[in-house]
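Using our numbering, the first residue of the sequence shown is number 73, and each one after it goes up by one. Quick reminder that beta carbons are idealized off the backbone N, C-alpha and C, glycines included. Input: a single structure, listed below in C-alpha cells.
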Amino acid sequence: MKYSLKSSFARWVLALFFAVLALTVMGRIVADTGAIAYCNGFPFCFPTHPLGWMKQAHILLAGFASIVMLVVFRKAWREQREQRILPPLTTILGVMFLGQALVGAVQVTQSYPLHLVYLHQITTITLWISLILLVYASGVLGVDYPDAPKLNFRQRMKDFFALSKPLIVGLLLITTYGGLVIGGKAWPPFSLTVWTLIGGALAAGGSSALNQYIDRELDKNMQRTAKRPLADGRLTDAEGLSFGIALSLISYYLLACFVNGLAALLSLAGIIYYVILYSLWLKKATVQNIVIGGGAGAIPPMVGYAAATGTLDWTAWILFAIIFMWTPPHFWALAIVRQKDYERAGVPMLPVVRGEMETRKQILIYTVELVAVTLLLPILNLAGNVYLVASLILGGALLYAAWAVWKEGGNKVAWRMYKWSSSYLVFIFVAIMLDAVLR
73 MKYSLKSSFA
83 RWVLALFFAV
93 LALTVMGRIV
103 ADTGAIAYCN
113 GFPFCFPTHP
123 LGWMKQAHIL
133 LAGFASIVML
143 VVFRKAWREQ
153 REQRILPPLT
163 TILGVMFLGQ
173 ALVGAVQVTQ
183 SYPLHLVYLH
193 QITTITLWIS
203 LILLVYASGV
213 LGVDYPDAPK
223 LNFRQRMKDF
233 FALSKPLIVG
243 LLLITTYGGL
253 VIGGKAWPPF
263 SLTVWTLIGG
273 ALAAGGSSAL
283 NQYIDRELDK
293 NMQRTAKRPL
303 ADGRLTDAEG
313 LSFGIALSLI
323 SYYLLACFVN
333 GLAALLSLAG
343 IIYYVILYSL
353 WLKKATVQNI
363 VIGGGAGAIP
373 PMVGYAAATG
383 TLDWTAWILF
393 AIIFMWTPPH
403 FWALAIVRQK
413 DYERAGVPML
423 PVVRGEMETR
433 KQILIYTVEL
443 VAVTLLLPIL
453 NLAGNVYLVA
463 SLILGGALLY
473 AAWAVWKEGG
483 NKVAWRMYKW
493 SSSYLVFIFV
503 AIMLDAVLR
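Structure below.
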C-alpha cells in the first residue's frame, strides 16, 4: 500500500511528528545546558540569562505540540472511527504523550524514584514507536470524511459508560478499598484513597471494555449481552478497543505516579490476566475458565493492600484467596440461569459441559471452601472478633443458599444464589474494614 498525504489526518500527524521532534531536541538542549535554572515560572518564565530563552522556547513548543496532539486525537475519533488501526494507535500515542509529561513532572517532586525513572524511559520509547507507526498508517489508511455523521453525544457517553461495566467496577472498588483499610489498619488518607480508587476504577473499566471488544461476536449470540454497545453496533470496534486501551494505560500512570510502583504493577497484572489469560484464552478453551480466570477479579484487594503498605504479606494473599474461591459459585449460579445462552455462544461453562447437577454440587463444594478460607484471617490472628462473628453469620447464610441450590435445583434458587453471593462479597469486605479500624 502506497503512502500518501492526501488526507488531512495524515498531514496533521506529520505535523505532530515534527512538533514532537522539535520538542524532544529542545528538551535535550535544555537538560544539557542547564537552561532550566535561568528561567523560573510556568507557563511563562522570565529569563535571567540567554540560556533561559531555551527553556521558554521548550515550554512554548510543549504547548504547540499539545494543541496539535489534541487535533490529531479529535480527528482520529471523529473522522477515522471506522478504521480499525488509526483510533487505537492514536489513543496509545495520546496517552504516552500525556504520560511522559506527567511522569516527568512527578518524578522531580518525588526525588526520582527508580520505578518512575524506568517508566519515563519506557514511555519515551513507546511514544516514538507509536508516533512513527501512526505517521505511516495515517498515510496509508487515512481518509477524509468531509461529511462525517453527527453523533449523539449523550448516547455515546451512555454507551462508553456501559462498556466499562459500572456494576462490576463498583464491586471491585469495594474490595480494593477493603484491602486499603486492612493494610493501613485505619481509614486511609483522603489523597491515597482517591488516587487508588480512581486508578482501580479505570483499570477495571478498561479491562471490561477490552473484554467486550474481544467478545463482541460472541455477545451477539447471548440474550444477556446482545444489546451491549459493541455487539449492537452502537460503537465501532475501533472505539471499543481504543477506549479500553486508554483507561487501562491511564490507570497505570496514575497509580505509578500517585500511589506506588507495586500497586501499579499489580493492577497491570490484573488487566493482563483478565484480558489475555481469561478473555482471549480460557473463556472458550476449558470448563475451568471461571476457576482459573477468577484470579483476575481477586487482584484488586491486593492493589489496595499494596497501596497502603507498599508490600504484600499473608493478609493480602488471603484476601486474594477469598475472592478466588468466591468467583466459581457466584458465576456458576448465573451460568445455570443462562445455560442456553452459553450453549448458543459455544462457551464451555460447567452446566453446558457437565450438566446442572454437577454444577450444583460444585457450587456447594466451593462455597464450603470459601467459608473455610474466610476463617483463616481470625485463625491466624490477622483479624479480630468483629470479623469472626460477621464471617460466621455471612458464611452460614451463603452455605444455606448453596445448599438450596444443591438440593432443590432450578433457575429460581440459582438466581437467588447469584444475587446473594454478590451481597455476601460486599458485606464480608465491610466486615474486614470495620474490624481493621476497631481492632
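Of the candidates 253, 150, 181, the residue whose Cα lies closest to the Cα of residue 376 is 253. Excluding its 5 nearest sequence neighbours in each direction, residue 307 has C-beta neighbours in its own chain below 6 Å: 231, 301, listed in chain order. For residue 412, the uninterrupted alpha helix (DSSP H) run begins and ends at 411–417, by DSSP.
In this structure, the alpha-carbon of residue 495 lies about 14 Å from that of residue 474. With a 10 Å radius around the Cβ and a threshold of 16 neighbouring Cβ atoms, residue 299 comes out exposed. Assigned with DSSP and collapsed to three states, residue 398 falls in helix. Contact between the region 179–196 and the region 269–281 is not established, with fewer than three Cβ pairs separated by less than 8 Å. Membership of residue 105 in the alpha helix (DSSP H) is indicated by the continuous run 80–105. For the set 481, 173, 160, the Cα lying nearest the Cα of residue 281 is the one of 160. If you look at residue 453, you'll find it isn't in any alpha helix (DSSP H); DSSP assigns it neither H nor E. Taking a 10 Å sphere around the C-beta of residue 278, we find 16 or more other C-beta atoms and assign the residue as buried. In this structure residue 189 is exposed. Its beta-carbon is surrounded by fewer than 16 other beta-carbon atoms within 10 angstroms. The alpha-carbon of residue 93 is positioned some 10 Å away from that of residue 203. Of the other Cβ atoms in all chains shown, 16 or more fall within 10 Å of the Cβ of residue 395; this residue is therefore buried. When the Cα atoms are used, residue 238 and residue 263 turn out to be separated by approximately 23 Å. Exposed is the label assigned to residue 261, since fewer than 16 other Cβ atoms lie within 10 Å of its Cβ. As for any alpha helix (DSSP H) of minimum length 4 sitting wholly inside the region 265–332, the runs are 288–291, 309–330, ordered along the chain. In the DSSP annotation of this structure, the continuous segment of the alpha helix (DSSP H) that includes residue 483 starts and ends at 483–510. Inclusion of residue 470 and residue 369 in the CB contact set at 8 Å is not warranted, their separation being larger than that value. In this structure, the straight-line span from the alpha carbon of residue 128 to that of residue 140 is close to 19 Å. Under the rule that a run must span 4 or more residues, the alpha helix (DSSP H) segments found entirely inside the region 180–266 read 186–213, 225–235, 238–256.
DSSP places residue 151 within a helical segment (H, G or I) once states are collapsed to three.
In the structure shown, the three-state DSSP call for residue 130 is helix.
Here residue 361 carries a helix assignment [DSSP, helix/strand/coil].
Around the Cβ of residue 153, a 10 Å sphere holds 16 or more other Cβ atoms; the residue is buried. By the neighbour-count criterion, in which a residue is buried when 16 or more other Cβ atoms sit within 10 angstroms of its Cβ, residue 402 is buried. Of the candidates 346, 215, 187, 134, 215 places its Cα closest to the Cα of residue 147.
In the three-state scheme derived from DSSP, where H, G and I count as helix and E and B as strand, residue 118 is classed as coil. Shortest Cα-Cα distance from residue 296 to any of 417, 373, 503, 227 involves 417.
Around the Cβ of residue 177, a 10 Å sphere holds fewer than 16 other Cβ atoms; the residue is exposed. Residue burial annotation: residue 130 is buried, with at least 16 other C-beta atoms found within 10 angstroms of its C-beta. With respect to residue 317, residue 164 sits close: the two C-beta atoms are nearer than 8 Å. Residue 249 counts as buried, since no fewer than 16 other beta carbons sit within 10 angstroms of its beta carbon. Residue state for residue 383 is assigned as coil, using DSSP reduced to three classes.
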